[in-house]
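Input: a single structure, listed below in structure tokens.
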Amino acid sequence: MNDTRFPDSTKASRGEANRIELGHIESIWEEEILPVLTDYVAIPCKSPAFDAEWAGRGEIDRAVSLVEDWCHSQDLKGLAIEVVRLPGRTPLLWLEVPGSGPDRVLLYGHLDKQPEMTGWGDGLAPWTPTRRGDRLYGRGGADDGYAVFASLTALRLLQEQSIPHASCGILIEACEESGSYDLPAYINHLAPRIGAPSLVICLDSGCGNYEQLWCTTSLRGLAGGVLRVEVLREGVHSGDASGVVPSSFRVARNLLSRIEDEASGAIRLPELQAQIPPERVAQAAIAAQVLGEGAHARFPFAPGAGPVTHDVHELVLNRTWRPYLEVIGAEGLPALRDAGNVLRPATAFKLSLRLPPTVDPGAANRRLREVLEADPPHGASARYEAEWGAAGWNAPSLAPWLEVALDESSRTWFGREPVLMGEGGTIPFMAMLGERFPAAQFVITGVLGPESNAHGPNEFLHVPTAVRLTGCVASILERHAARAQS
Ligand SMILES: [Zn+2]
């Protein structure tokens with residue numbers, strides 16, 4: 039681990055958290071956190087959407103117990119630990135650390151995981167934690183097992199130095215990768231204890247590099263479902279039928295062209311577009327400068343393939359504020375080895391659209407249905423069944439104190455300025471929290487940086503970033519408490 043110290047001359051103007059030594063956080067991570075996080079990576083605690091038998095299998099409960107035991111080993115003043123279990127739902131770990139004053143902070147993480155995925159590199163596997171240099175490989179370390187450790191350790195660091203912080207609730211759910219469908223019930227259940235936080239910290243997001251604090255200013259939404267086109271009751275000899283019976287694939291392709299320009303990938307429906315706020319356009323330009331070629335070079339392109347454009351500013355805006363479509367599954371097409379010369383009766387595509395942060399996913403799905411089902415070619419049967427929708431999120435404007443806190447913590451722990459950027463993914467509950475706590479400020483950050491590949495093969499936690507982020511959370515909590523007192 040290389041050690042970026044902030045120059046001494048500027049320390050005086052910075053927060054008390056500067057008394058915390060980077061080396062101290064590193065040793066907490068190496069000696070106390072990573073051994074437990076390694077055990078956590080080995081647990082196949084897949085989210086309910088990927089394991090219908092999750093309750094009987096007990097892996098989520100094992101993960102909760104492991105983390106709960108570690109929390110009990112932490113010597114924090116007033117720490118209360120509870121595993122909350124609402125009937126028929128995934129369990130939720132709720133931690134409370136009392137602080138000074140009536141102000142409250144909510145910190146969030148999750149410990150359910152994505153499924154295995156194929157393509158793991160030599161010697162790597164989803165449930166086999168493997169440390170290589172700065173990286174701890176395996177499923178769930180970065181998404182999002184590290185969050186509870188980072189959150190509680192940040193509070194411990196403040197308490198060790200007698201630095202004031204607000205009362206903090208740490209909420210660790212086990213349903214996030216399934217769309218957080220259990221979370222609203224828990225937020226209701228815990229409402230009196232959550233209170234009205236003035237700050238929400240979520241450690242389940244991404245970063246553009248491992249050299250700065252990255253704050254997520256927006257998230258895209260998600261809409262999707264199945265488009266099914268039927269032309270026949272059963273398949274027939276294509277020599278007999280082609281030219282007479284229309285191909286269901288061609289009809290489906292034609293319908294898709296109503297929503298997407300197949301040459302550029304641009305979505306054609308104005309209802310699925312958003313006006314990008316000028317502030318976000320300007321922030322994307324700065325992020326583009328920091329990212330440079332890395333904005334696209336980090337993807338595992340096949341030989342000869344490249345990004346949709348080399349204009350990095352446009353790429354950042356595409357990825358954060360524009361809708362894009364992917365066909366994520368198909369039915370009605372046999373595997374290649376089983377394919378005969380037949381005119382197939384039907385083609386079905388599962389569509390997944392990332393939506394701009396401010397587009398309503400329900401309205402998007404209704405519009406998709408109207409457009410895809412209207413007057414299909416040759417009178418074919420075309421049906422679109424919406425299967426999911428998740429709202430995106432656009433952060434409220436940064437309060438001046440938080441702008442200072444982000445700048446200060448990034449410079450203190452990373453030695454560089456922070457970057458504000460939207461993320462292309464979706465954190466389903468963020469829209470809900472944004473609505474429920476309209477007065478709160480939000481710090482959405484994370485360790486999912488270049489190559490870390492959450493949801494794919496070779497997921498890893500970049501340990502030095504987790505260490506520095508822990509310092510950042512401490513610094514931000516310190517600044518937050520100082521703001522509340524002034
Ligand atoms: Zn996550």
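In this text, residue positions in the sequence shown follow our numbering: the first is 39, and each later residue adds one.
Beta carbons are placed, not taken as given, at the ideal position from N, Cα and C, and that holds for glycine.
Nearest candidate by alpha-carbon position, reference residue i, set the options
{"i": "Leu333", "options": "Leu499, Cys245, Arg231 and Leu174", "result": "First, the residue type needs correcting, since residue 333 is Ala and not Leu in the sequence shown. Of Leu499, Cys245, Arg231 and Leu174, the residue nearest in Cα terms is Cys245."}
{"i": "Arg474", "options": "Val485, Leu221 and Glu317", "result": "Leu221"}
{"i": "Val481", "options": "Pro235, Pro140 and Tyr422", "result": "Pro235"}
{"i": "Leu265", "options": "Ala512, Glu423 and Glu91", "result": "Glu423"}
{"i": "Arg433", "options": "Arg169, Leu444 and Thr396", "result": "The sequence given here places Ala at residue 433; Arg does not occur at that position. For Ala433, the nearest C-alpha among the options comes from Thr396."}
{"i": "Gly183", "options": "Glu497, Ala519, His348 and His518", "result": "Glu497"}
{"i": "Leu293", "options": "Glu268, Val282 and His275", "result": "Glu268"}
{"i": "Trp165", "options": "Thr76, Val121 and Gly370", "result": "Thr76"}
{"i": "Leu381", "options": "Asp445, Leu329, Val282 and Ser490", "result": "Val282"}
{"i": "Leu124", "options": "Leu193, Asn226, Pro140 and Glu106", "result": "Asn226"}
{"i": "Ser285", "options": "Leu363, Arg169, Glu317 and His416", "result": "His416"}
{"i": "Ala368", "options": "Ala377, Thr385 and Asp376", "result": "Thr385"}
{"i": "Glu68", "options": "Arg169, Ala301, Gly161 and Ala322", "result": "Arg169"}
{"i": "Gly139", "options": "Val186, Gly126, Leu193 and His203", "result": "His203"}
{"i": "Ser302", "options": "Leu353, Cys510, Phe339 and Pro86", "result": "Leu353"}
{"i": "Arg127", "options": "Asp150, Leu486 and Val457", "result": "Asp150"}
{"i": "Met459", "options": "Lys84, Trp252 and Ala212", "result": "Trp252"}
{"i": "Ala185", "options": "Leu389, Ile71, Glu91 and Asp278", "result": "Ile71"}
{"i": "Ala87", "options": "Ile58, Ala212, Pro315 and Leu193", "result": "Ala212"}
{"i": "Leu193", "options": "Ala443, Ala520 and Thr508", "result": "Thr508"}
{"i": "Phe452", "options": "Ile98, Met470 and Pro502", "result": "Pro502"}
{"i": "Gly96", "options": "Lys84, Asp107 and Glu106", "result": "Lys84"}
{"i": "Ala326", "options": "Ala261, His351 and Gln313", "result": "His351"}
Where the alpha helix (DSSP H) containing residue i begins and where it ends
{"i": "Arg169", "result": "Not the alpha helix (DSSP H): Arg169 falls in the beta strand (DSSP E), residues Thr168 to Arg170."}
{"i": "Gly61", "result": "Leu60 to Ser65"}
{"i": "Ile71", "result": "First-last for Ile71: undefined, no H or E at that position."}
{"i": "Ala118", "result": "Here Ala118 belongs to no alpha helix (DSSP H); instead the beta strand (DSSP E) covers Ala118 to Val122."}
{"i": "Glu473", "result": "Pro466 to Arg474"}
{"i": "Val346", "result": "Segment: none, Val346 is in no alpha helix (DSSP H) and carries neither H nor E."}
{"i": "Arg100", "result": "Glu97 to His110"}
{"i": "Leu410", "result": "Pro399 to Glu411"}
Spatial distance of residue i from residue j (CA atoms)
{"i": "His500", "j": "Ile66", "result": "15 Å"}
{"i": "Gly157", "j": "Ser205", "result": "43 Å"}
{"i": "Ser448", "j": "Leu257", "result": "21 Å"}
{"i": "His493", "j": "Arg405", "result": "29 Å"}
{"i": "Pro414", "j": "Asn356", "result": "30 Å"}
{"i": "Leu209", "j": "Leu133", "result": "7 Å"}
{"i": "Arg360", "j": "Pro73", "result": "41 Å"}
{"i": "Val102", "j": "Ser216", "result": "17 Å"}
{"i": "Ala512", "j": "Ala373", "result": "53 Å"}
{"i": "Leu391", "j": "Glu198", "result": "47 Å"}
{"i": "Gly116", "j": "Val143", "result": "15 Å"}
{"i": "Arg517", "j": "Tyr219", "result": "33 Å"}
{"i": "Ser435", "j": "Ala163", "result": "41 Å"}
{"i": "Asn40", "j": "Gly159", "result": "Note on Asn40: pLDDT 41, under 50, position unreliable in the model; the coordinate value appears next. Their backbone Cα atoms lie some 26 Å apart in a straight line."}
{"i": "Ser189", "j": "Gly207", "result": "10 Å"}
{"i": "Ala504", "j": "Arg454", "result": "16 Å"}
{"i": "Val485", "j": "Arg288", "result": "42 Å"}
{"i": "Asp46", "j": "Gly463", "result": "For Asp46, the predicted model reports a pLDDT of 41, less than 50, meaning its position is unreliable and no value from the coordinates is stated."}
{"i": "Gln112", "j": "Pro82", "result": "25 Å"}
{"i": "Val238", "j": "Tyr78", "result": "25 Å"}
{"i": "Glu441", "j": "Gly330", "result": "24 Å"}
{"i": "Thr42", "j": "Thr450", "result": "With a pLDDT of 42 at Thr42, under the threshold of 50, the modelled position of that residue is not reliable, and the figure given next carries that caveat. Their Cα atoms are separated by approximately 9 Å."}
{"i": "Glu249", "j": "Asp181", "result": "19 Å"}
{"i": "Val409", "j": "Pro315", "result": "28 Å"}
{"i": "Ile514", "j": "Asn247", "result": "20 Å"}
{"i": "Lys49", "j": "Ala520", "result": "Any answer about Lys49 is weak, because its pLDDT of 41 lies below 50 and its placement is not dependable; what the coordinates show is given next. C-alpha separation (whole angstroms): 17 Å."}
For residue i: DSSP bridge partner residues
{"i": "Asn432", "result": "Ser256"}
{"i": "Ser390", "result": "Gly262 and Glu364"}
{"i": "Trp132", "result": "Glu120 and Leu209"}
{"i": "Val143", "result": "Cys206 and Leu237"}
{"i": "Thr385", "result": "Val267"}
{"i": "Gly509", "result": "None; Gly509 has no bridge partner."}
{"i": "Gly427", "result": "Ala261"}
{"i": "Ser529", "result": "Lying outside 39 to 524, the shown extent of the chain, residue 529 is not represented and no answer is given."}
{"i": "Lys84", "result": "Lys151"}
{"i": "Val380", "result": "His275"}
{"i": "Gly244", "result": "Leu486"}
{"i": "Glu369", "result": "Ala386"}
Extent of the continuous beta strand (DSSP E) to which residue i belongs
{"i": "Val446", "result": "Here the sequence assigns Glu to residue 446, which means Val is not the residue at that position. Looking at the DSSP string, Glu446 is not in any beta strand (DSSP E); the run it does join, the alpha helix (DSSP H), is Pro438 to Phe452."}
{"i": "Cys240", "result": "Leu237 to Cys240"}
{"i": "Gly460", "result": "Val457 to Glu461"}
Closer than 6 Å: residue i CB and nearest ligand 3 heavy atom
{"i": "Asp181", "result": "In terms of ligand content, the structure shown lacks ligand 3 and carries ligand 1 instead."}
Residue-level contact to chain D via CB, residue i, 7 Å cutoff
{"i": "Gln152", "result": "The chain labelled as chain D is not found in the depicted structure, where only one protein chain is given."}
At 3 residues or longer, what runs of the beta strand (DSSP E) sit wholly inside the stretch 150 to 229? 168 to 170, 173 to 175 and 205 to 211
Which runs of the alpha helix (DSSP H) spanning at least 4 residues fall entirely within the stretch 274 to 334, listed in chain order? 276 to 279, 286 to 297 and 316 to 329
Complete runs of the beta strand (DSSP E) confined to the stretch 477 to 504 [at least 3 residues]: 479 to 482 and 498 to 500
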